[in-house]
Each structure stands twice: as C-alpha cells, then as structure tokens.
Amino acid sequence: MRRARRSGPPAALALALRAQAWGHRALFAAAEAKRLLDEAATVARRHRLDHVLAEVLMTRSVVNQELGNMAGASRDLDHARPIVAADQAIELAFQRAVLDQNLGRLGPAAEAYRSLLADDGLSARLRVVAGNNLAMIESQHGRHADALRLLADAGRAAPGVGPAHVAMVSETQAWVTVHAGRLGEGIRLFDEAARAHEAAGLPLGEHYVEYADALIDLRLIPEAAGAAQAAAAEFEQHGVPLMGSEAELRVAQLALLAGDPERAEEAATAAARSFDRQGRRAWKARAALVRVEARLQAGTAGGGDLREARRICRTLEEQETWAYAVDAYVIAGRLAARLGRRTDAVGLWERAAELGRKSPVLVRMRGSVAGANAAAIRADDAGVLAYCRRGLSDLARHRTALASVELRVLASGHGAELGQLGLEVMVRGGSAPRALDWMERTRAAALLAVEPPDGADGDDLDELRGLHAELESLTTEGDRQLAPPEPLVAKQKTIEDRIRRASWRRRAGDQAVTSPIRPARLRSELGGRVLVEYANLKGDLVAVVVEPRNSRLVRLGPVAAVLSQVRTLFFALRRMTQELPESSLAAARLSADSRVARLRRMLLAPLGLPPDAELVVVPVGQLHGIPWSALWDQPLSLAPSAGVWARTAAAADRMSRRAGRNGGPGPTVLVEGPSLPGATTEVLRLRELYPAATALSPPQSTSGEVLRLLDGAALVHLACHGWLRADNPHFSSLVLSDGPLTVRELHTSGVAPHRLVLASCQSGADVAYAGDEVVGFISSLLARGTAGVVASVAAVPDVAAVDLMYTLHEHLAGGQTLARALHAARSDLDRTEAANYVNWCTFSAYGAA
Numbered sequence: 066m067r068r069a070r071r072s073g074p075p076a077a078l079a080l081a082l083r084a085q086a087w088g089h090r091a092l093f094a095a096a097e098a099k100r101l102l103d104e105a106a107t108v109a110r111r112h113r114l115d116h117v118l119a120e121v122l123m124t125r126s127v128v129n130q131e132l133g134n135m136a137g138a139s140r141d142l143d144h145a146r147p148i149v150a151a152d153q154a155i156e157l158a159f160q161r162a163v164l165d166q167n168l169g170r171l172g173p174a175a176e177a178y179r180s181l182l183a184d185d186g187l188s189a190r191l192r193v194v195a196g197n198n199l200a201m202i203e204s205q206h207g208r209h210a211d212a213l214r215l216l217a218d219a220g221r222a223a224p225g226v227g228p229a230h231v232a233m234v235s236e237t238q239a240w241v242t243v244h245a246g247r248l249g250e251g252i253r254l255f256d257e258a259a260r261a262h263e264a265a266g267l268p269l270g271e272h273y274v275e276y277a278d279a280l281i282d283l284r285l286i287p288e289a290a291g292a293a294q295a296a297a298a299e300f301e302q303h304g305v306p307l308m309g310s311e312a313e314l315r316v317a318q319l320a321l322l323a324g325d326p327e328r329a330e331e332a333a334t335a336a337a338r339s340f341d342r343q344g345r346r347a348w349k350a351r352a353a354l355v356r357v358e359a360r361l362q363a364g365t366a367g368g369g370d371l372r373e374a375r376r377i378c379r380t381l382e383e384q385e386t387w388a389y390a391v392d393a394y395v396i397a398g399r400l401a402a403r404l405g406r407r408t409d410a411v412g413l414w415e416r417a418a419e420l421g422r423k424s425p426v427l428v429r430m431r432g433s434v435a436g437a438n439a440a441a442i443r444a445d446d447a448g449v450l451a452y453c454r455r456g457l458s459d460l461a462r463h464r465t466a467l468a469s470v471e472l473r474v475l476a477s478g479h480g481a482e483l484g485q486l487g488l489e490v491m492v493r494g495g496s497a498p499r500a501l502d503w504m505e506r507t508r509a510a511a512l513l514a515v516e517p518p519d520g521a522d523g524d525d526l527d528e529l530r531g532l533h534a535e536l537e538s539l540t541t542e543g544d545r546q547l548a549p550p551e552p553l554v555a556k557q558k559t560i561e562d563r564i565r566r567a568s569w570r571r572r573a574g575d576q577a578v579t580s581p582i583r584p585a586r587l588r589s590e591l592g593g594r595v596l597v598e599y600a601n602l603k604g605d606l607v608a609v610v611v612e613p614r615n616s617r618l619v620r621l622g623p624v625a626a627v628l629s630q631v632r633t634l635f636f637a638l639r640r641m642t643q644e645l646p647e648s649s650l651a652a653a654r655l656s657a658d659s660r661v662a663r664l665r666r667m668l669l670a671p672l673g674l675p676p677d678a679e680l681v682v683v684p685v686g687q688l689h690g691i692p693w694s695a696l697w698d699q700p701l702s703l704a705p706s707a708g709v710w711a712r713t714a715a716a717a718d719r720m721s722r723r724a725g726r727n728g729g730p731g732p733t734v735l736v737e738g739p740s741l742p743g744a745t746t747e748v749l750r751l752r753e754l755y756p757a758a759t760a761l762s763p764p765q766s767t768s769g770e771v772l773r774l775l776d777g778a779a780l781v782h783l784a785c786h787g788w789l790r791a792d793n794p795h796f797s798s799l800v801l802s803d804g805p806l807t808v809r810e811l812h813t814s815g816v817a818p819h820r821l822v823l824a825s826c827q828s829g830a831d832v833a834y835a836g837d838e839v840v841g842f843i844s845s846l847l848a849r850g851t852a853g854v855v856a857s858v859a860a861v862p863d864v865a866a867v868d869l870m871y872t873l874h875e876h877l878a879g880g881q882t883l884a885r886a887l888h889a890a891r892s893d894l895d896r897t898e899a900a901n902y903v904n905w906c907t908f909s910a911y912g913a914a
C-alpha cells in the first residue's frame, strides 16, 4: 500500500487497501477495515475502476454486516451488481446469500448456496464457505445429518484454502454436532476448533459464543457464563456489533438460568435493540423471547407480554428454526397459564410438543414437558404420564451418551420438571408402589451408568497433590489458619478445570442402564427391614413406606421447615466441637437435642413405624445431609435410591457366598492419614482386632498405595482428614500422606472395597443436584460396587472417635452389618461428653453390608 501511494497505479492502491482491510476484518477490527475500504472505494470510483470497485463493495458489504449496518451492506451489493464482471457474478451471488442468512432469510440463502454448490466452476474458497453456511441453515431446520455431510465435504477442501477456513469448518462441525444432541462429541470438537483458531491466529470470540450454547445444554452454567462474557467483551473491544449482540443474547439467557431476571431483561433488551438496528428480525424475536421469560420469572409479565410471545412464536416458526420455536411456545404457554388463560396455554403447549416431536433429544424433551403441562391442565393423568415417560426415556438415552459422571449428574436436571409432573399424578392417585416406582425413575439415575476405569488424569492429580502440600505449608501457622495465596488458589482451579474438561471430552462406553427395582425383589432384599423413600413434591415432602407385607404413601410438611431445623442443628454441633465454657456447650447440647426431637417428629413420627424396625432411608435433595442415625433408635442405613441399596444387598450376598467358598472374605486394610493424633491411636488399637490386616501410616499412606490396597479389599478403615467441596464435590477429598484423594479419582480408578469405614470429617456429606442426583464419596463408592460404608456428615472430634470406631469394629468382627454394628457402638457412647454426642449424632451407615 505504501509503495502504491508513492508510485503505483491506482488499481494497486485500491486492491492493497482492500487486502489490508480483509486482514483487519479477520482480527475483528471491523471499524479499521471499514475505513480502509471507504478509501479503496473512493480511489476506484475516482479512476473509474469498475472491476476493482465491485470487489471493494462486496468486501465492504461483509464488513458492514459485522458492524451491524445491514442497510449499508445491502446498498453495497446493489451498487456492485451493475458493474461486476462475468467472473465476479458468482462472488456477488454468494455475498447476497450471506446477507440473507444474517438477516434471517434462511430459505433464500439456502437456495442460493445450493445453486452455487451445483456450479462446477465454483472456487475452492467459495465451495468451503458456502457448504459451511448451508450446513448451519440445515442444522437450524433440524436436518443435522445433511448438515454434517456438507461439513465433511467442506472439511476435506478447507486445508487447501487456508487455516482460517479449517477453523471455521471445525467450529461449525462442533456447533452442528451439539445441536444434533451429541453433546459429548460436540465438546471434543469445540476443543479442536479452539486449537484450529489459535493455529490460524484468529480471535476466539465467535468460538466462545457457540461454545456457550453447548455448555448451556450441558447445564455447565458458570462455564457458559464465562464463555459468553469473554465473547461479549472481545466483540465490544473490537467494535463488532453483529456478533456482539449475539454474545449479549447469551449473557441474557445465562442471567435467566442463574436466577437474575433483572439482569436478563436488561441484557435481552439491549440485544433486541441491536438486532432491530441491524434489521435481523429472527434474532430480535429470540432476544425479545428472553425478555418475556425474564419478566415471567420476575412476576411482572402481563397481557402485552403474552401478545408479544405469540408474535415471536409465529416469527420463529415461519423461519422453520424449530428448536427456537419450541422454546417460544413453551414460554408463551407458561405465561398464558400464569395469567389464567388455560385454553391458550394448552394450545401453545400442544404446538410445542408437536414441533418438538422430530427434533434432537433436548428439544424433544422440552416438547414433552410442554405436552405434559397441557395434559395436566386438561386433567388427563394418562397423558401427563405418557409425555413424562417419553421425556425421561429420552433423558436416559441422552445421559448414557455422556462419558463423565459430572455431565450425567447435571443432565438429570433436564428431567426435573417431568419428574415432578409425573410424581404429582402418582401421589394424587394414592398408590404407594406406583409412587415409589416413579421416584426411582429419577433417583440417582446418573449412578446407574458407570464409566470404565480411566487413569488419564494421573499427571494432573499428582500436580494437584503437590499444590495441596504447598498450600498446607503456607496456610498453617501454629494453631492459626491463614488465608491461602490467591495465585495458588487460581492455579488449583486451573488444574481442576483441566481435569474436568478432559473428562467431558472422553468417549462414553456402552453403559447399561438398570431398570427401576420391582417391589417383590425389593422386599426380598430388605429381608424384614422397612424402607422409607422421601420425595420433594413442589416444596412439600412425601414418603413411601415399604414394609414386609404392605406399602404406604404418607404426606409430610414443607421441606423448608425441615431444612431450617437442620441448619440450627449443625450450628449447635459445630459449637460442640469447639473449646467453649461448659455453659456454652450445655446450651449447644440443649439446642441439638431440641432439633433432633423436632426432626424426628417431622420426618419419622408421622410414618407410624414399628418402634423396633430396622430402617433403610432414601433421602431426597438436601435431606441427604441430615444425621439420620440420631433420629431413630434402631439400626438404620442410607442409600441414594432403593435400586442402589438393593444392588449393595446383592453385592453383600455375593461376598458372603464367595467367602464361604474361599474360606475368608478377603484382606482388611487400615490406613492412617497425616496430622491427625486420633488416627494414630485408632489404627494401633484396630490392629489388635485385625492382626493380619495391612496397615499404612505416614509417609507410606499415599493415594496410589491406598487405591491399590482398596481394590478388592473386604474391609477398609480410613482415619484421615476429609474436606467437603460444596462448590465442586468431585474434588471433595480425603487427605493422605501425599495430598488429597478426590471423589473424582476414586470414581475413575474403578476401585471398590466391599466395606469401608471413613473416620473422616464430612466424608458422608454428598452434595445434591437438580433431578434427585447426589455426588460425593458415598455415591461414588456405592456406584462402583462397594456394599457398605460408614461416614460422617459433619466435622468430627477425631480423638473422641477412637472409642466409637473400635467398638464398631468389635461388632463387625462378630459378623454384624455396618448399620447394626454402628447402632450398637453408638449406644455405648457417653453422650454427656460433647465430643461423644457429636460422633453419636453424625456417623451413619450406607448400603446393606
């Protein structure tokens, strides 16, 4: 360009300006690109260079679109049409198709792309981009197989065109794969697309926008919000309104999912205004839909919003963008129902169900939710259940296609409303067996499909353990705990995110899904015990009681009242672990006794249980964190679901038969963790009971050695610190000599000791997720095949726990189950001592062994 300014012909200057502008445009510097193209157009016009001017105007049309100036883009193409040479006509047709696509005129754009691809003279560059763009339209119309075939062709040609085109096709393949419902594969492809963008030296803004869509479908909301915000910031920095408004729409959607309707309405309004200025009718409709949903969530929506929602439904259906149209009809139906327009709600929801029927799995599920809601308004219980069963079957197939237990657990949230709608019908019908069967459909379903052992995280886990040791040394000063340095905390999060993301990308194996357990088999496995399974129905607790000869359905009170008592109980228990005056400890004990008594009255007294019954309790949601053993004066065991408990009973029976054949149950392992005075005493005393046991003490009690000994052991006792990570329960950990042994590592290692005693703080505190899922040490162990666990749901005084653990093992050595042994050991405690009271209250047994 500098040479052309000094002495070159005008055509050279105009073309150099255009080339430089194209480079700026690729780096999202659209405003600078526009300035250069304006100068190029001036030069070409002044010197009557029609051929060059046509090239410049077509390029400027692209840049004007990215600046959100759709009218300017259209004028550029109109001005180029009379002056294009014969060899430029194809380029002009292509650019008009791009403009139509960005304006939401998908039908004309698709026809133009098909016509171009049928032309044998089409350049390799245009063939790649036209195939890529047509694939996006086909995917939006639900023709995902056709889209992927187009992308396969474009992908083969892209390397011959350039790395930017390789990145573009790679990104679209990921986006289409996600929209086709293959989320795990889509995540892998998005990672490949990010690497392709970096290899081409391209910004990642557009990648972040489309990656956010995939993360939303996977219910990875914090990660999706981070991607959307990064995209919005990048487009704002570079001044690219076309993509910036799309990023702002994702920000609005994520604010809605995070429960912030005010922020969602604000962002959606801004995005709708931007789309309106750009003349992008379909995109404006999508933004307006988020605004309506935000007002619905905030409780401020009215009749005007319903009218707008109906217009949005028509717009998106006319565009044949079925996924967006289904969402629109679902939201419009919810609004109509909220406003008491029941007939309107039924019609809107039935249309959503109809449009969703032939869509990818997650859209189909949203259609099932709409159909079930419509049937509920019509008082058609059979219709409700038919839609719910269909949707939950889709969810089961979707869930098993995900390789990571984290993704499977999160995916269950897609079925939460279906579970509630079906449960409402079952409870209203009054049949306890049918209600239990329905509860089991949604209870701990992610645990029923277990991925094969995978040691791929080894290096990262070693690095995480090294970092833990560094943090320990920097945050402990005598008896004081110091705040951890921010850079090390950030590094820890980086490593954990790397481990998680690697698990998302892995391929799912053939995972068999177990059907809900039948009542006859459940009673057989219970062997005279009484099972109580709880459910949360729209904020109220219900319970199914399965006794040896009959079953009952019992309605209880609000969940909120129970959780209020639980919070006060744990506050009192924490005070009882501290060095306080006797008067303060006595007050805490009085408060704890009062809360335990109230929880008994709320959760167990209304069930009319025989006072001598041994219980199996299946909690729901946050009720998993209740110290259940303190609420019942007989042996009690817990499980994530009745089906999981029955599997532990079957495992216990298999172990008993195998021990009879082999003359013994297998090895016993005793493990002492670091920096825990009570653990040393505990393991020494337990060696008296188990003289043949393998015992590990620091520094030998490392994660690798413990995992090796856990696999296939008949009984393992772990006395160590435990850390609950409510923010990320997959990284809850047991602290061993070389650092943390995480839930994630335990799950993916494939180890499954037959019985395990966790003498650790909070090791039994699994974290509850939407869709009746739980994640933690207990759920991971039981899913892997462990038949019984003893653990605590709170912090425990370790020295005071020694006597409890020793007595527990005395009863185990006498042949008792964990539940009966723990009950007997707890009965021997002197509860006038605060530390003993805490241990009596917080340890529970899980599983049947």
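Heads up: the sequence shown is residues 66 to 914, going by the numbering used here.
Beta carbons are placed, not taken as given, at the ideal position from N, Cα and C, and that holds for glycine.
By the DSSP assignment, the beta strand (DSSP E) with residue 682 in it spans what residues? Bounds of the beta strand (DSSP E) holding residue 682 are 680 to 683.
With contact counted as at least three CB pairs below 8 Å, one residue from each stretch, are the region 750 to 760 and the region 701 to 721 in contact? no
Which of the three DSSP states, helix, strand or coil, is assigned to residue 762? coil
Residue 34 versus 654, 385 and 853, residue with shortest Cα-Cα distance: As displayed, the chain neither begins before 66 nor continues past 914, which places residue 34 out of reach and without an answer.
Simplified DSSP state of residue 362, which is helix, strand or coil: Under the three-state reduction of DSSP, residue 362 is assigned to helix.
Do residue 238 and residue 220 have their beta-carbon atoms positioned less than 8 Å apart in this structure? yes
Taking residue 378 as the reference, which of 898, 400 and 363 has the closest Cα? Nearest Cα to residue 378 within the set 898, 400 and 363: 400.
Pick from 298, 340, 358 and 297 that is closest to residue 322, judged by C-alpha positions: 358
One or two residues paired with residue 783 in a DSSP bridge: 736 and 823
Can you tell me where the alpha helix (DSSP H) holding residue 282 begins and where it ends? 270 to 282
Quick one: using the 10 Å Cβ neighbour count with 16 as the cut-off for buried, is residue 603 buried or exposed? exposed
Are residue 855 and residue 841 close, meaning C-beta to C-beta below 8 Å? In this structure, residue 855 sits away from residue 841, with a CB-CB distance that is not shorter than 8 Å.
Using a 10 Å radius around the Cβ and a threshold of 16 neighbouring Cβ atoms, would you call residue 615 buried or exposed? exposed
Between residue 174 and residue 145, how many whole angstroms is the CB-CB distance? I'm expecting something under 8 Å. Rounded, the Cβ-Cβ distance is 18 Å, inconsistent with contact.
Helix, strand or coil for residue 908 per DSSP? Looking at residue 908 - three-state DSSP - the assignment turns out to be strand.
Roughly how many angstroms separate the alpha carbons of residue 306 and residue 241, rounded to a whole number? 24 Å
Anticipated Cβ contact below 8 Å, residue 457 with residue 506, distance rounded: 6 Å
What residue range is occupied by the uninterrupted beta strand (DSSP E) comprising residue 856? Residue 856 -> beta strand (DSSP E) spans 853 to 857.
Here's a check: name, in chain order, each residue in its chain whose Cβ is nearer than 6 Å to the Cβ of residue 880, leaving out the five neighbours to either side. Residues of the same chain with a CB within less than 6 Å of the CB of residue 880, apart from the 5 flanking positions on each side, do not exist.
Under 6 Å Cβ to Cβ from residue 590, same chain only, skipping five residues before and after it: list those, please. When the five nearest sequence neighbours on each side are left out, the beta carbons in the same chain lying within less than 6 Å of the beta carbon of residue 590 are those of 711 and 714, in order along the chain.
For residue 601, which residues does DSSP report across the bridge? 606
Taking a contact to mean a Cβ-Cβ separation below 8 Å, would you say residue 187 touches residue 148 in this structure? no
When you compare only the Cα positions, how much space is there between residue 666 and residue 648? 27 Å
So what does DSSP say about residue 801, is it helix, strand or coil? In the structure shown, residue 801 sits in a strand (DSSP, three-state: E or B).
What do you get for residue 290, buried or exposed, if any count of 16 or more other CB atoms within 10 angstroms of its CB means buried? buried
Let me check understanding here. Comparing Cα to Cα, which of 385, 538, 189 and 867 lies closest to residue 423? 385
Thinking C-beta only, is residue 595 closer than 8 Å to residue 611? It is a contact, given that the beta carbons lie within the stated cut-off.
Whole angstroms are fine: how far does the CA of residue 84 sit from the CA of residue 409? 56 Å
Inter-residue spacing [alpha-carbon to alpha-carbon] between residue 875 and residue 539: 40 Å
Need the endpoints of the beta strand (DSSP E) that residue 833 sits in, please. 832 to 834
From what residue to what residue does the alpha helix (DSSP H) around residue 919 run? Residue 919 cannot be examined here, being either before or after the span of the chain that is shown, 66 to 914.
If you compare alpha carbons, which of 870, 106 and 838 is closest to residue 474? 838
Using a Cβ-Cβ cutoff of less than 8 Å, which residues in the same chain neighbour residue 177 once the five nearest sequence positions on both sides are dropped? Taken in chain order, the residues that qualify are 158, 159, 161, 162 and 165.
Pull the bridge partners of residue 839 from the DSSP assignment, please. 833
Collapsed DSSP secondary structure at residue 861 in the structure displayed: coil
Since residue 201 contacts residue 168 with CB under 8 Å, what's their CB separation in whole angstroms? Not confirmed; about 14 Å, so no contact.
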